[in-house]
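Here's the structure, in structure tokens; my notes come after.
2 protein chains.
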Amino acid sequence: MMDNKKIEKISRALSDASRITILQQFKKRDDCLYCAEVHDILDLTQPSVSHHLKQLVEAELLLAEKEGRNLKYVLNEQVLNEYISSLNDLKK
Amino acid sequence: MMDNKKIEKISRALSDASRITILQQFKKRDDCLYCAEVHDILDLTQPSVSHHLKQLVEAELLLAEKEGRNLKYVLNEQVLNEYISSLNDLKK
DNA sequence: TTAAAACATCGAAATATTTAAATATTTTAA
DNA sequence: TTAAAATATTTAAATATTTCGATGTTTTAA
């Protein structure tokens, strides 16, 4: 279902405090998050925020959608579920 | 239940192809794995294998038990389950 | 008691990641 | 059309990770 390269990539995307914080915001917000909001939440410069969001998008944990000059992010629950499945598969 | 530092640490432990391979061996073997077996499976030197196992033990994904001069590893399903729970919590 | 086996640690090289400053691109508003 | 806003990219520095060779420690077997 999900190969090891993909598991590795998602795990790496999750292995950073800022990126975990970003993902946790989705529950608090209305299911979606704007780039500028992330910049407000994290104590990082704009390029760093951009870098972290890119990692999450490249791992496909987030889906990005352009809205004019803003970027709207949505959690990709399907990929998250597949990742969780792969972890469950480690068990007997 | 599991704080972000712990989620980060476990994710990092999972973000390496060798370590994912190690974890996947438990299903194929009789629930436990010896250090020497890992050395046979991975194309890495003994110190590298030792390093990877240490990362997994420090993340508490594996429990290590001494058996004479051998080391027996067991998958820590409780920690794995707590990690999976934390990931499920990201969803609505 | 000594030698060998199993594993850990140290030191160093190669590579990857994180971060910020500077700059570029894209889009909208005036 | 031009200026400003939102985001991306480039470059470079600091730090972390991965890997191996050499060596150390602990345990067992001879």
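Chains as they are written, first to last, in my numbering: chain P, 1186 to 1277; chain F, 1186 to 1277. The beta-carbon is built from N, C-alpha and C at its ideal position, and this holds for glycine as well. Every value quoted in this text rests on a predicted model; they were computed, and no experiment measured them.
For F/Ser1233, there are no neighbours in chain P by C-beta distance under 8 Å, as the nearest C-beta there is about 17 Å away. The Cβ neighbour count for P/His1236, taken over all protein chains shown within 10 Å, is under 16; the residue is labelled exposed. Contact annotation, F/Leu1241 with F/Val1234: C-beta distance approximately 11 Å; criterion of less than 8 Å not satisfied.
Taking 7 Å as the cut-off, the beta carbon of P/Ser1271 is found no closer than this to the beta carbon of F/Ser1196.
Within chain F, the residues placing a beta-carbon under 7 Å from that of P/Ile1269 are Ile1269, Leu1272 and Asn1273, ordered along the chain. Within the same chain, Cβ atoms closer than 8 Å to the Cβ of F/Val1264 are found at Ile1195, Ala1244, Glu1245 and Leu1246, the five residues on either side in sequence being excluded.
For P/Asn1261, no CB of chain F lies under 7 Å from its own CB, so it is not counted at the interface with that chain. Excluding sequence positions up to five before and after F/Met1187, its CB lies within less than 6 Å of the CB of Glu1267 and Ser1271, all in the same chain and listed in chain order.
Looking only at F/Glu1252, F/Leu1218 and F/Lys1191, the smallest Cα-Cα distance to F/Leu1238 is reached by F/Leu1218. Residue pairing for P/Tyr1258: DSSP places it in a beta bridge opposite P/Leu1218 and P/Ala1249. Take the alpha-carbon of F/Leu1256 and the one of F/Arg1204: they are about 17 Å apart.
The Cβ atoms of P/Ala1198 and F/Glu1193 do not sit closer than 7 Å to each other. Excluding the 5 residues flanking it on each side, F/Leu1229 has no same chain C-beta neighbour closer than 6 Å. In this structure, DSSP gives P/Leu1229 a state outside helix and strand, which the three-state scheme calls coil. Not a single C-beta of chain P is nearer than 7 Å to the C-beta of F/Ser1203. Per DSSP, P/Leu1275 lies in no alpha helix (DSSP H) and is assigned neither H nor E.
Residue state for P/Leu1265 is assigned as helix, using DSSP reduced to three classes.
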